[in-house]
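Peer 1: Protein chains in written order, with this note's numbering: chain A, 80 to 158; chain B, 80 to 158; chain C, 3 to 141; chain D, 3 to 141.
Okay, structure coming up:
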C-alpha cells in the first residue's frame, strides 16, 4: 500500500523531513515498520518508537488504509 | 509563681481574653495546666492543648519562670 | 536566602511567590494554594477568620522548612500564610518549592503543608449562617 | 467545562491558569510548573526546543485528564504546554488541579505530569554549546 508517514522529533531528522511517502508491501503497522527500518536503520537505534494511526497509538497488527493519518512517534520527552 | 498566660483561638474565648495573669502553686507546665483546667474546665473538653514557653512547645515537666512568654495552644488549624 | 516565610493580613500574591522560588537551576516547581471553600461537611461557610501566634508560627514554619531542606534537594522554599477575615475563594496559604527534579518538589511541598497543619500555631474559625466554630478544637 | 488543555507557542500565563481552576468549592489547588534548567547531567544547557504532534498530543492529554477525574474527586484540571524555543527559566508546562481536599489535588497533579511525560507526543531537544540532543531518544 501507499502511505504518507509523518515524522516528529528525532524521527524527522532520521527520515529527512516532516513526512515521507512510502509504497510498501502489506498493510499492517508491522509491515510499515519493517520497510521503514530497512530504509532508515537509525530507527532501530532509538530506545523505542511507536506508530500512531489517526492520533492513536497503534499495535503491530493494526491494519492501515490510505486514508489514515500515520505518524512515527519516537520516545516522547515533553513536560 | 505568677505568670501571664497568652491565649489564642478557642482558648482566648475560654479564658475570656488574649491574656490572663495567674498566681499558682508550683512552677512547671503541669502545675500551670492543673490550675488552668480547674479555673477553666472547658479546656478539658478540647481535643487537646499544648503550652508554649518562649515560642516552643513545652513538656509537662518544663520549669517556668516569671520572665517566660507562656501561651496556651489549642489544636491548630492553619493552612 | 533560600527560604521565605511570611504571615500577612494582606492578600497573598501567588505569581510573586512563584517568581521568588524559580532559579536557573530549577526544573520543577510545585505550588500548593489553599483556598476558602464555600462549605464544610455540607454546611454553607460564609467566611473564615485566621488568627496566628505570629512569632511562634514563624519559628515553627522555619523548622518545617529546615526539615524539608534536610529531607529533599530543595532549591528554594516559600511559605506565606494569611491572617484575618477571608471570604470564599480567598487564599489562606501558598507554599512553593523549587527543585532540580519534580519528585522532590512534590514531596517537599506536601510535607510542608501536612506538617504546617499539625504544628504551626495558626487557628481558623469557620463562620456559618447560624454560628461559628474553631476548626479541630473539639474531638 | 472542567478541563482546559492547550498547546501554545506563546509564554504560559501561570496566574490565569490558577485563576481558571479555582472554584468556590475548592479547598486546595496543586500546581506543577516545569521550568527550563540551565544544565543537565552537569552540562550547560543554552535552550530547549519543543515540538508537538498537536492533535494527538491534545487527545492524549484529554485521556490523562479523563483518567484523573475517574481516579480522584477533581474539580477542575488544566494542562498548558509550550512549544518552540524556550530559554533557561521559561516554562514548558503548567498543570493545575483544584479539589475540595488537598490530598487528591497533589496526587492527581503528580499523576498528570508523570503520565504526560510517558504518553503525550511532545519532544524536547536540548541545545548545548557544542551540539544538541533529542531527550530520551536513545537508550
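The beta-carbon is built from N, C-alpha and C at its ideal position, and this holds for glycine as well.
In this text, all values refer to a predicted model and were calculated from it rather than measured experimentally.
Residues in the region 89 to 113 of chain C with C-beta within 8 Å of chain G's C-beta atoms, listed in sequence order?
Peer 2: Protein chains in the displayed structure are A, B, C and D, and chain G is not among them.
Peer 1: At a CB distance below 7 Å, what residues from the region 114 to 131 of chain A approach chain D? Give them in sequence order.
Peer 2: 124, 125, 126, 131
Peer 1: Is there a Cβ of chain B sitting closer than 8 Å to that of residue 45 of chain C, yes or no?
Peer 2: Residue contact check for residue 45 of chain C against chain B: no CB pair falls below 8 Å.
Peer 1: Quick one: measure Cβ to Cβ for residue 49 of chain D and residue 129 of chain D, integer angstroms, because I've assumed they're closer than 8 Å.
Peer 2: Their Cβ separation, rounded to whole angstroms, is 5 Å, which keeps residue 49 of chain D and residue 129 of chain D in contact under 8 Å.
Peer 1: Distance, Cα to Cα, residue 141 of chain C vs residue 57 of chain C?
Peer 2: Residue 141 of chain C and residue 57 of chain C: Cα-Cα distance of roughly 27 Å.
Peer 1: Give a yes or no on whether 8 Å exceeds the smallest Cβ distance from residue 13 of chain C to chain D.
Peer 2: no
Peer 1: Is the shortest distance between the beta-carbon of residue 104 of chain A and the beta-carbons of chain D less than 8 Å?
Peer 2: no
Peer 1: Here's the rule I'm using: 16 or more other beta-carbon atoms within 10 Å means buried, otherwise exposed. How should residue 122 of chain C be labelled?
Peer 2: buried
Peer 1: Contact between the region 59 to 70 of chain C and the region 116 to 131 of chain B: three or more CB pairs below 8 Å?
Peer 2: no
Peer 1: For residue 6 of chain D, which three-state DSSP category applies?
Peer 2: strand
Peer 1: Hey, residue 29 of chain B and residue 125 of chain C are a contact pair by Cβ (cut 8 Å); roughly how many whole angstroms apart?
Peer 2: This structure gives no information on residue 29 of chain B, because the portion of chain B shown stretches from 80 to 158.
Peer 1: Output, in chain order, the set of chain C residues within a Cβ distance shorter than 8 Å of residue 88 of chain B.
Peer 2: For residue 88 of chain B, the chain C residues whose C-beta falls within less than 8 Å of its own C-beta are 53, 125, 127, 136, 139, listed in chain order.
Peer 1: By alpha-carbon positions, which one of D:67, D:51, D:85 ends up nearest to residue 7 of chain D?
Peer 2: D:67
Peer 1: State the Cα-Cα distance for the pair residue 51 of chain D and residue 157 of chain B, rounded to the nearest angstrom.
Peer 2: Their backbone Cα atoms lie some 42 Å apart in a straight line.
Peer 1: Counting pairs of Cβ atoms below 8 Å between the region 90 to 105 of chain B and the region 137 to 153 of chain A, do you hit three or more?
Peer 2: no
Peer 1: Using CA coordinates, which residue listed in D:43, D:131, D:116, D:82 is at the minimum distance from residue 70 of chain D?
Peer 2: D:116
Peer 1: Counting only beta-carbon separations shorter than 8 Å, does residue 61 of chain C have a partner in chain B?
Peer 2: So yes, residue 61 of chain C belongs to the interface.
Peer 1: Hey, is residue 157 of chain A's beta-carbon within less than 8 Å of any beta-carbon in chain D?
Peer 2: yes
Peer 1: Could you pull the DSSP bridge partners for residue 46 of chain C from this structure?
Peer 2: For residue 46 of chain C, which the question treats as bridged, DSSP gives the partners C:41.
Peer 1: Please state whether DSSP places residue 131 of chain A in a helix, a strand or coil.
Peer 2: strand
Peer 1: Give me the subset of the region 133 to 153 of chain B whose CB atoms are less than 7 Å from a CB atom of chain C, sorted by chain position.
Peer 2: 134, 150, 152, 153
Peer 1: How is the alpha helix (DSSP H) around residue 74 of chain D delimited, first residue to last?
Peer 2: It is not in any alpha helix (DSSP H) - residue 74 of chain D carries neither H nor E in the DSSP assignment.
Peer 1: Rounding to the nearest angstrom, what Cα-Cα distance links residue 26 of chain C and residue 138 of chain B in this structure?
Peer 2: C-alpha separation (whole angstroms): 44 Å.
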